[in-house]
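In my numbering, the protein residues as written are 1 to 343. The beta-carbon is built from N, C-alpha and C at its ideal position, and this holds for glycine as well. It should be emphasised that the depicted structure is a prediction, and the values quoted were computed from it without experimental measurement.
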């Protein structure tokens, strides 16, 4: 007769609460050599490929079950494990559950209006909103992952909590955005999201995340974290410019020079993440575009979207992933390990 071990879900993964590992500038070399860096960057680039030439509004397949993501499989990724997942997860899609999770965060903003306070920026009601997420994050993550992976929830939830800004400083920046990408990457590594969900991950989940972040930024007048002012790409985000420029590669008539044209942006922003970002900037800032967003203005002179895309990937590595003030906050666990890449 079968022993209970053989019937139990085949999981030899021990999860852990992620923690900071980059404590001084000299630790940055450790980060760049880590499995976490390789997997994170691989994830960003896989999604970059997956959305190439595709509109936000296009039709795409969303997997109904969790399977593997072709990153670096965990030790337990064997065929019988995938079959086990297929048999247990049924038809309720993780993409929809993630969107529902983000809708909950959005609803909490409505339930937590800004308070009257002397300073215009950094509304303290954000701390109340954040306290709710801090308290509920594990439960929220548990709604997205199947029962037999429940042990992963505390590890994965840390990245969700890190992805919405800092409650002490009431600021938000590319490090917080990176935590959300890391959250999605972890969900892929435990098999909740799949490699063929690329478009849905970016267009449904990440795009909904962006909407909620913009609402947070506006409602609570959040400060940009470590912003380079007019010399940075954007006060708050970076990834939607990468993936958004990929969407526009080989577009029959939209060229980089067009994104500074208000009419073009108004007519096309619903289809393209990049233009959605430009629209948000113009809503939030006054004065000539070339002055408040100098880097983007320069980018509009680049001849092709594929050149823009390559340049932004390089810039992302240099300006975000290789900057100590950003990476010192990144957390490492069993899914995104600090250990050097095993090649």
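Kindly indicate which residue of 338, 132, 205 and 138 has the alpha-carbon position closest to the one of residue 100. Along the chain shown, one-based indexing puts residue 100 at 100. The candidate whose alpha carbon is nearest that of residue 100 is 205.
Hey, how far is the Cα of residue 160 from the Cα of residue 267? As a working mapping, residue 160 is identified with position 160 in the chain shown. As a working mapping, residue 267 is identified with position 267 in the chain shown. Roughly 33 Å separates the two Cα atoms.
Selection from 333, 323 and 335 that minimises the alpha carbon distance to residue 26: Reading the chain shown from its first residue, position 26 is the one you call residue 26. Of 333, 323 and 335, the residue nearest in Cα terms is 323.
Terminal residues of the continuous alpha helix (DSSP H) containing residue 320? Counted from its first residue, the chain shown places residue 320 at position 320. From DSSP, residue 320 is part of no alpha helix (DSSP H); its letter is neither H nor E.
Residue 302 versus residue 45: straight-line alpha-carbon distance, rounded: Within the chain shown, residue 302 is the residue found at index 302, counting from 1. Within the chain shown, residue 45 is the residue found at index 45, counting from 1. Cα to Cα, the separation comes out at about 21 Å.
What are the residues that DSSP puts in a beta bridge with residue 224? If you number the chain shown from 1, residue 224 lands on position 224. Bridge partners of residue 224: 172.
Note down, in chain order, each residue of its chain lying with its Cβ closer than 7 Å to the Cβ of residue 124, except the 5 sequence neighbours on either side. Locating residue 124 in the chain shown gives position 124, counting from the first residue. Same-chain partners within the cutoff: 115 and 117.
Assuming residue 336 and residue 40 form a contact by the criterion Cβ under 8 Å, report the distance between their Cβ atoms to the nearest whole angstrom. To locate residue 336, count along the chain shown from 1; it is residue 336. To locate residue 40, count along the chain shown from 1; it is residue 40. Yes, residue 336 and residue 40 are in contact; Cβ-Cβ is about 7 Å, under 8 Å.
Grab the span of the alpha helix (DSSP H) containing residue 158 for me, first residue to last. The residue given as residue 158 occupies position 158 in the chain shown. That run of the alpha helix (DSSP H) goes 153–161.
Buried or exposed, going by whether 16 or more other CB atoms sit within 10 Å of the CB of residue 66? Stepping through the chain shown from its first residue, residue 66 is reached at position 66. Here residue 66 scores only 46 on pLDDT, less than 50, and its place in the model should not be relied on; the value that follows carries that caveat. That one is buried.
Boundaries (first-last residue) of the alpha helix (DSSP H) holding residue 245: Translated into the one-based positions of the chain shown, residue 245 becomes position 245. That run of the alpha helix (DSSP H) goes 239–247.
Runs of 4 residues minimum, wholly inside the region 236–306: which ones carry the alpha helix (DSSP H) assignment? 239–247, 262–268, 273–284, 289–292 and 294–299
Could you spell out the range, first to last residue, of the alpha helix (DSSP H) harbouring residue 44? Taking the chain shown and counting its residues from 1, one reaches residue 44 at position 44. Unbroken alpha helix (DSSP H) run through residue 44: 35–50.
Residue closest to residue 170, alpha-carbon to alpha-carbon, out of 110, 329, 130 and 295: Here the question's residue 170 lines up with position 170 in the chain shown. The candidate whose alpha carbon is nearest that of residue 170 is 130.
Please go through the same chain and pick out, in chain order, the residues whose beta-carbon is closer than 8 Å to the beta-carbon of residue 3, but skip the five residues on each side of it. By one-based count along the chain shown, residue 3 stands at place 3. Legend: pLDDT at residue 3 = 44, less than 50; position of this residue unreliable, value from coordinates given subsequently. Nothing listed; no residue qualifies.
Please classify residue 151: is it buried, with 16 or more other beta-carbons within 10 angstroms of its beta-carbon, or exposed? Position 151 of the chain shown holds residue 151. Classification for residue 151: exposed.
Note the first and the last residue of the continuous alpha helix (DSSP H) segment covering residue 108. As a position in the chain shown, residue 108 is number 108, starting the count at 1. 94–110 is the extent of the alpha helix (DSSP H) around residue 108.
Nearest by alpha-carbon distance to residue 333: which of 285, 155, 93 and 190 is it? Position 333 of the chain shown, counted from the first residue, corresponds to residue 333. Residue 333 has its Cα closest to that of 155, out of 285, 155, 93 and 190.
What's the C-alpha gap between residue 106 and residue 325? Taking the chain shown and counting its residues from 1, the one referred to as residue 106 is at position 106. Taking the chain shown and counting its residues from 1, the one referred to as residue 325 is at position 325. Going by the C-alpha atoms only, they are around 28 Å apart.
Residues of its chain near residue 5, where Cβ-Cβ distance is below 7 Å and the 5 sequence neighbours each way are ignored: Locating residue 5 in the chain shown gives position 5, counting from the first residue. Only weak support exists for where residue 5 lies, its pLDDT of 40 falling under 50; the coordinates are left without a value.
Tell me the DSSP secondary structure of residue 203 in three-state form. Taking the chain shown and counting its residues from 1, the one referred to as residue 203 is at position 203. In this structure, residue 203 counts as helix in the three-state DSSP scheme.
Should residue 110 go down as buried or exposed, given a rule of 16 or more other Cβ atoms within 10 Å for buried? Here residue 110 corresponds to residue number 110 of the chain shown, with the count starting at 1. Per the 10 Å Cβ criterion, exposed.
Do residue 233 and residue 305 have their CB atoms nearer than 8 Å? Locating residue 233 in the chain shown gives position 233, where the first residue counts as 1. Locating residue 305 in the chain shown gives position 305, where the first residue counts as 1. No. Outside cutoff.
Could you please give me the residues that DSSP links to residue 113 through a beta bridge? Residue numbering aside, residue 113 sits at position 113 when the chain shown is read from its first letter. Partner(s): none; residue 113 has no beta bridge.
For residue 131, report the span of its alpha helix (DSSP H) as first-last. In the chain shown, the residue the question calls residue 131 occupies position 131. Looking at the DSSP string, the run of the alpha helix (DSSP H) that includes residue 131 is 125–144.
Indicate the three-state DSSP secondary structure (helix, strand or coil) for residue 332 in the structure shown. One-based indexing of the chain shown puts residue 332 at position 332. Looking at residue 332 - three-state DSSP - the assignment turns out to be strand.
Neighbourhood of residue 38 by C-beta distance below 7 Å, restricted to the same chain and skipping five residues each side: In the chain shown, counting from the first residue as 1, residue 38 sits at position 38. 341.
Going by C-alpha distance, which of 201, 174 and 15 is nearest residue 185? Translated into the one-based positions of the chain shown, residue 185 becomes position 185. That would be 201, whose Cα lies nearest to the Cα of residue 185.
Pop quiz: residue 199 and residue 51 are said to be a contact at Cβ under 8 Å. What is the actual Cβ separation, rounded to whole angstroms? Residue numbering aside, residue 199 sits at position 199 when the chain shown is read from its first letter. Residue numbering aside, residue 51 sits at position 51 when the chain shown is read from its first letter. That belief holds up - the Cβ atoms of residue 199 and residue 51 are roughly 6 Å apart, short of 8 Å.
Give me whichever residues DSSP pairs with residue 309 in a beta bridge. By one-based count along the chain shown, residue 309 stands at place 309. DSSP, once it has assigned bridges, lists no residue as partnering residue 309.
Cut-off 7 Å between Cβ atoms - residues of its own chain near residue 275, not counting five sequence neighbours on either side: Here the question's residue 275 lines up with position 275 in the chain shown. If we look at residue 275 and ignore the five residues flanking it on each side, its Cβ neighbours are 259, 265, 268 and 269.
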